[in-house]
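Novice: Below are the structure tokens for one structure; questions will follow.
Number of protein chains: 2
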Amino acid sequence: VPEAPHVSPVRGMRDLLPAECELRDWAIGRILDTYRRFGFARIETPVLEHLALLTGGQGGENEKLIFKVLKRGEKLDLAAARSEDDLSEEGLRFDLTVPLARYYAHNQGALPQPFKAIQIGPVFRAERPQKGRFRQFTQCDIDVLGEAGEAAEIELILATTEALAALGLRGFTVRVNDRRFLREFARHCSVDDEARQDEFFIVLDKLDKAGVEGVLKELGERGFGAATAGRLADLLTGPLAQQVEGQPLFADALATVRRVREVVGPLLGERARVEFDPTLVRGMGYYTGPIFEIGMDGAPGSIAGGGRYDRMLGRLLGREVPACGFSIGFERVVGLLLERGVRAPKAGTRFALLHEPGVDSLQRVLAEAAARRAAVEGNSVAVFARRKKLGKQLDELEQAGFDCVLTLPEGNGPPEEQWLGGGRA
Amino acid sequence: VPEAPHVSPVRGMRDLLPAECELRDWAIGRILDTYRRFGFARIETPVLEHLALLTGGQGGENEKLIFKVLKRGEKLDLAAARSEDDLSEEGLRFDLTVPLARYYAHNQGALPQPFKAIQIGPVFRAERPQKGRFRQFTQCDIDVLGEAGEAAEIELILATTEALAALGLRGFTVRVNDRRFLREFARHCSVDDEARQDEFFIVLDKLDKAGVEGVLKELGERGFGAATAGRLADLLTGPLAQQVEGQPLFADALATVRRVREVVGPLLGERARVEFDPTLVRGMGYYTGPIFEIGMDGAPGSIAGGGRYDRMLGRLLGREVPACGFSIGFERVVGLLLERGVRAPKAGTRFALLHEPGVDSLQRVLAEAAARRAAVEGNSVAVFARRKKLGKQLDELEQAGFDCVLTLPEGNGPPEEQWLGGGRA
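One line per chain: the protein sequences are S and B, in this order. What the first sequence shows, in the working numbering, is residues 112 to 536, in sequence order. What the second sequence shows, in the working numbering, is residues 112 to 536, in sequence order.
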């Protein structure tokens, strides 16, 4: 039978099956628990926001990927509509940081100072669908609002690595850089214009893939002059991080990076290495100071990232409020857990209680189920009608993760237990 | 300072402050835990669905309240657009039942039979904003798909009342009716046309507010004839439920209601009363058999509701699959918990560790915080810079729910503890 139309999820989005949901709920519980022990508090904002907020220039490329919501009723004048702006004034959020800034501006009177926020929820981007990328995905953020010192950065790194470790993941590298250093570095290489600097960073970002020659070649193609190439080539004669750190010129711009490394390194111990990465850029335009990413041995790319964005809240508040945040790439992390066969730990035994409708008294069946649930915390009992093909039913129950099948004998005796698969014999 | 534009949430939606988020997370945890112990498994579907699915006639009035998403790129031809249908093909879900039917049709091969699903997530309705009603709100559903017998209804009632009781709520009344009885009852009152029956039910639904005379009057105004009024008046001479149950005429249509009450009553014990309510209607058009609502002493209206909808899945699957579901009015329940001053139980002690930047070594501060967290499971430690106005800061920390403030003395001694408010002396 062909599937009826519209039975698939909408393009680029997906349904979550029970096993993945269970793993995600477990992972979110572990992350939330860790963040709460660091004194962060969860908040929530609506999924919809004013388009004027979302398109305020803070979201970079993401602003082009907004799902816009059609105006309703009298507000929608189709005949007079000249552009999309006439049709829509609200959209689905593309991240949790822009809504957080709005939230803080709107609710600041009711929030402690500084404010340490957790946000976990779906965000939406109309990207071209591709493997492992979805148009709805979960973000998992912590932010410290109202704290200017590097204590914020340090706590975010400690909390995020501890949350990832609570999922059983190991072998982290925290890469640290600073937007102020990047600007200084660009000026040193004779790139003074801010927009040109951003382009310079994009090319520099490719150093580990393209190599020194590749970077110098692309800079030439993009019209960066000989002075830029010369200065950069000088610094690239050895490992860039060492070259840069050796230059007194960059000492001021790297002071925070150095302090963060000094404090965080010993506190992290075996959990993670901390490295200065002068080519770390991160996409979002709103960062103003230290930026970070967390990588993991055996997993290319990054599994978390963040940084300081001291000027975003000022745009909404009319006064500056320093801010710093860290986001776990939750879908990436769940993908790694699934790859490694990690399953949510079971709290107790999963029983399936089979009854024969019309023969077994439903009251006896349900009373037995209630007793089994009450006997051990974490036990679960699902009641099912016994099917004629019992063998097939047992296979399905094992497949669905049940540990033990219970059937009631005639009379009043206790149920017979049949343990499935690798369960208790 | 006036608020910048777009700093408020969008119309009809709201931000959740930390205390409410904590209560909601606790409540969801308790509900999920209860439902899992009954053998239900959580699933998730995307927030967006095909409009063709959402407007398939199953959603009743809710179909008029859909937030539609603007088409993108080449698909959006503004010049050629004649109606909303040309502008949009996806929308935000208005409930979790219609998406569940799609989910089951799409994923049935990977799901156990019967399938017992939990869904908790946001739904969206563009209703006129009013007190306690929001355009984004959380629903909390369980459904049994593929089980035709009343065991499904009975388990849903047991699980839902147990979940509500796990939140500390008491004094439930489960009201039960049956759509088949309602049709029979309408025919007995000479209303044979299905659409007219639906109108008859709407009026009947008002019996407890309008009284017998009010109902008879409105029926007359709506053009129902003397035969209808006469038959109904006869039945309304005593309490309607008793009158109806005494009529052998309705015995078949009420057989399931009777069996459900017989089995469920003793199993519920003190937790809830079960009553037959012949005027219970419930809005959704898709119900086909027993319907329920749960009320609570001292709280008008209902806090949960559901019923059997055996024909919805057939429309998508091409074969009939019996289905039955129960939904907790989560926003209503959270409102009741807040009214009663219920707070999420604390797992441990909430410490605020104050440090003097530049004086206290950050490394010592953070090591102390880590040690306190590790000492007792559930303890949380938030690190804050000490402010000059310490009295004000302590007030704020108490307000924010902290139990104890820690400050480090000079030298290497343990931190000084200052317990706040009603905390340990």
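Even glycine gets a Cβ: it sits at the ideal position worked out from N, Cα and C.
Please determine, among B:Gly394, B:Val385, B:Arg193, B:Gln230, the residue with the shortest C-alpha to C-alpha distance to B:Leu143.
Specialist: B:Gln230
Novice: Using a Cβ-Cβ distance under 8 Å, would S:Lys500 count as near chain B?
Specialist: At a cut-off of 8 Å between C-beta atoms, S:Lys500 does not count as an interface residue with respect to chain B.
Novice: DSSP beta-bridge partners for S:Pro233?
Specialist: S:Pro233 pairs with S:Thr249.
Novice: Leaving out the 5 sequence neighbours to the left and right, which residues in its chain are closer than 8 Å to B:Phe312 when beta-carbon positions are compared?
Specialist: Leu293, Ala297, Val392
Novice: Please return the same chain residues whose Cβ sits closer than 6 Å to the Cβ of B:Leu428, not counting the five positions on each side in sequence.
Specialist: Ala216
Novice: If you reduce the DSSP assignment to three classes, tell me which class B:Thr518 lands in.
Specialist: Reduced to three states, the DSSP call for B:Thr518 is strand.
Novice: Below 7 Å CB to CB, which residues in the same chain sit around B:Ala263 once its five sequence neighbours on both sides are set aside?
Specialist: Cβ neighbours of B:Ala263 beyond the five flanking positions: Val255, Cys435.
Novice: Using only the alpha-carbon positions, how far apart do B:Ala338 and B:His299 sit?
Specialist: 10 Å
Novice: Along the chain, which unbroken stretches of the beta strand (DSSP E) at least 3 residues long are found entirely within the region 468-513 of chain B?
Specialist: 491-496
Novice: Run down chain S in chain order and give the residues with a C-beta less than 9 Å from the C-beta of B:Ala274.
Specialist: Within 9 Å Cβ-Cβ: nothing; B:Ala274 doesn't reach chain S, min ~13 Å.
Novice: Could you round the C-beta distance between B:Lys227 and B:Phe151 to whole angstroms and report it? I think they count as a contact, below 8 Å.
Specialist: At roughly 4 Å, the Cβ-Cβ gap stays under 8 Å, so B:Lys227 and B:Phe151 are in contact.
Novice: Applying the criterion that 16 or more other CB atoms from any shown protein chain within 10 Å of the CB defines a buried residue, is S:Ser194 buried or exposed?
Specialist: exposed
Novice: Is there at least one Cβ from chain B nearer than 8 Å to S:Cys132's Cβ?
Specialist: S:Cys132 counts as touching chain B.
Novice: Identify the contact partners of B:Gln219 in chain S, using a Cβ-Cβ distance below 7 Å as the criterion.
Specialist: Within chain S, no residue comes near B:Gln219; the closest Cβ sits about 10 Å away, beyond 7 Å.
Novice: Starting from B:Met407, follow its DSSP beta bridges and name the residues at the other end.
Specialist: B:Phe283, B:Ala410
Novice: In terms of residue numbering, what span does the alpha helix (DSSP H) encompassing S:Ile313 cover?
Specialist: 305-315
Novice: Among residues of its own chain, excluding the 5 on either side of S:Val302, which ones have a beta-carbon nearer than 8 Å to its beta-carbon?
Specialist: Taking C-beta separations shorter than 8 Å and ignoring five residues to either side along the sequence, the partners of S:Val302 in its chain run Gln308, Phe311, Phe335, Thr339, following chain order.
Novice: Is the CB of S:Pro56 under 8 Å away from at least one CB in chain B?
Specialist: For chain S, the structure presents residues 112 to 536; residue 56 of chain S sits outside this window and is missing.
Novice: Of the residues that make up the region 154-184 of chain S, which ones have a beta carbon closer than 7 Å to any beta carbon in chain B?
Specialist: Ile154, Glu155, Thr156, Pro157, Val158, Leu159, Glu160, His161, Ala163, Leu164, Phe178, Lys179, Val180, Leu181, Arg183
Novice: Apart from the five residues just before and just after B:Ala536, which ones in its own chain have a Cβ nearer than 7 Å to its Cβ?
Specialist: Confidence is the limiting factor: at B:Ala536 the pLDDT is only 44, short of 50, which leaves the residue's position unreliable, though a coordinate-based value still follows. Closer than 7 Å at the Cβ level, and outside the excluded window around B:Ala536, lie Trp530.
Novice: With 16 as the cutoff for other CB atoms within 10 Å, does S:Arg451 come out buried or exposed?
Specialist: When all chains shown are included, S:Arg451 counts as exposed.
Novice: Closest Cβ-Cβ distance between B:Ala366 and chain S: below 8 Å?
Specialist: no
Novice: Using a 10 Å radius around the Cβ and a threshold of 16 neighbouring Cβ atoms, would you call B:Asp363 buried or exposed?
Specialist: Around the beta carbon of B:Asp363, fewer than 16 other beta carbons sit within 10 angstroms, so the residue counts as exposed.
Novice: Mind listing the chain S neighbours of B:Tyr214? Cutoff is C-beta to C-beta under 7 Å, in chain order.
Specialist: Asp126
Novice: Assuming B:Met407 and B:Gln169 form a contact by the criterion Cβ under 8 Å, report the distance between their Cβ atoms to the nearest whole angstrom.
Specialist: Contact doesn't hold; Cβ gap of about 29 Å is too wide.
Novice: Starting from S:Leu473, find everything on chain B with Cβ-Cβ shorter than 7 Å and list it in chain order.
Specialist: Ala262, Ile265, Val374
Novice: So, using beta-carbon positions, are B:Leu162 and B:Lys179 closer together than 8 Å?
Specialist: The criterion of a C-beta distance shorter than 8 Å is satisfied by B:Leu162 and B:Lys179.
Novice: Exposed or buried, B:Glu261, counting other C-beta atoms within 10 Å across all chains shown (16 or more means buried)?
Specialist: By the beta-carbon neighbour count (other beta carbons within 10 angstroms, threshold 16), B:Glu261 is buried.
Novice: Would B:Val494 and B:Arg483 be called neighbours here (beta carbons separated by less than 8 Å)?
Specialist: Contact flag unset, no.
Novice: Specify the secondary structure class of B:Arg147 as computed by DSSP and reduced to three states.
Specialist: helix
Novice: B:Arg236: buried (16+ other C-beta within 10 angstroms of its C-beta) or exposed?
Specialist: buried
Novice: Does B:Met124 come out as helix, strand or coil in the three-state DSSP assignment?
Specialist: coil
Novice: What's the C-alpha gap between S:Ala383 and B:Gly522?
Specialist: So the alpha carbons of these two residues sit roughly 29 Å apart.
Novice: Leaving out the 5 sequence neighbours to the left and right, which residues in its chain are closer than 8 Å to B:Glu172 when beta-carbon positions are compared?
Specialist: Gly394
Novice: Would you check if the distance between the CB atom of S:Glu185 and the CB atom of S:Leu159 is smaller than 8 Å?
Specialist: no
Novice: So, helix, strand or coil for S:Ile265, using DSSP?
Specialist: When DSSP states are grouped into helix, strand and coil, S:Ile265 belongs to the helix group.
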